[in-house]
Amino acid sequence: MDKQRIPLLAANWKANNLWEDTEQFIAQLRQALPQYFIETGDMPLDLVICPSAVYISLMGSLLDSAQIYLGAQAVSAYGPGAYTGEVTAGMLADNGCDFAIVGHSERRQLFGEDERAISAKLRALREQEIVPILCVGEELEIRESGRAEQFVLGQLEALEDELKQFEAGELVIAYEPIWAIGSGRSAGPADAQGMAGGIRGWIGSRLSTDHGEMTLVLYGGSVNPDNIADYLSQPQIDGALIGGASLKADSFAAMTMACTELLERNP
Ligand code: PGA
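Heads up: the sequence shown begins at 27 in the working numbering, then just goes up one per residue.
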């Protein structure tokens, strides 16, 4: 958390929550976090919810004028055109998406998304002015061999040409160690802080000083209401990408409140 950057909590619903769950979630969130539904102007903490593509339009209408951003979990590297089953960046923009997750380890591992595809996706998002939440992170074996930072910076390096095209402040990086995702075993806040610092250093030297200062670096992997403040209190960490603990409104609201309290204590 740093004074210049507005922290961000991003909910990654993955393949969870149906129509009724979505409606219920927003109704409950409206009760728990009324300020996001009534106030205007800048919030001390930004929120983005990324439902399945099928429910993006529903989420957009439920959020209506709320101060909560709409996000997507994936985007096509192609299109528009003859690409059966794909959802293009233009379609996401047309439905009001401000953010899109790209390069998530589940997409890399289960759906074979490689650097070439991720690079094309980044370009497609940039052309539609959608901010990517680019995920990077290492396997446990790499962490244990002491090569985690080298590996993660290598993932960024493979995308360097495309990352350079983004304006400062138009890019979010999520550090998600693969072994911490959905496992209940989160990275220690100090380890996450170390990696976030390494990522920021790389961005500052390869893109520009402004990019280094303005890029949000999130932590993701078994974040929950009890540990979120430990991450956000680290100076290099600007928020979190949250899977399991973001599916229910009470838990998402509890994380938002824990971060808001932390920000109020350290204005
Ligand atoms: P998790 O998922 O919070 O359930 O560990 C995080 C993510 O994969 O983005």
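Note that CB positions come from ideal geometry on N, CA and C, so glycine has one too.
With a 10 Å radius around its C-beta and 16 neighbouring C-beta atoms as the bar for buried, classify residue i as buried or exposed.
i	result
ASP264	buried
TRP45	exposed
ASP252	exposed
GLY111	exposed
PRO203	buried
GLY180	exposed
GLU132	buried
ASP72	buried
ASP256	buried
GLN57	exposed
LEU118	buried
GLU188	buried
GLN262	buried
SER272	buried
GLY210	exposed
Are the beta-carbon atoms of residue i and residue j separated by less than 8 Å?
i	j	result
LEU35	THR282	yes
VAL157	VAL198	yes
GLY129	VAL162	yes
VAL243	ALA222	yes
GLN260	ALA218	yes
ALA146	ILE127	no
ALA103	ALA143	yes
SER83	ASN121	yes
GLY208	GLN154	no
PRO70	THR286	yes
ALA37	ILE75	yes
LEU88	ALA279	no
GLY238	GLU175	no
ILE93	ARG152	The amino acid at residue 93 is misidentified as Ile; the sequence shows Gln. For GLN93 and ARG152, no; Cβs fall outside 8 Å.
ALA284	ILE254	yes
Please tell me whether residue i has its Cβ less than 8 Å away from any Cβ of chain C.
i	result
LEU267	This model lacks chain C altogether; it includes just one protein chain.
Name the two residues that bound the continuous alpha helix (DSSP H) containing residue i.
i	result
LEU34	Segment 34-38 is the beta strand (DSSP E) holding LEU34; no alpha helix (DSSP H) there.
ILE254	254-258
PRO215	215-232
ILE52	45-58
ILE159	Per DSSP, ILE159 belongs to no alpha helix (DSSP H); it is in the beta strand (DSSP E), 157-162.
GLU170	166-170
ILE64	61-64
GLN181	174-183
ILE82	82-89
GLU193	Careful: GLU193 lies outside any alpha helix (DSSP H) and carries neither H nor E.
ASP187	186-189
Need the endpoints of the beta strand (DSSP E) that residue i sits in, please.
i	result
ASP25	Summary: the structure shown does not reach residue 25, with the chain confined to residues 27 through 293, and so no result is reported for it.
LEU273	From DSSP, LEU273 is part of no beta strand (DSSP E); its letter is neither H nor E.
ALA200	198-201
LEU242	242-246
Next on the checklist: To test your reading of the DSSP string, which unbroken alpha helix (DSSP H) runs of 4 or more residues are found completely within the region 98-149?
Outcome noted: 115-120 and 131-136
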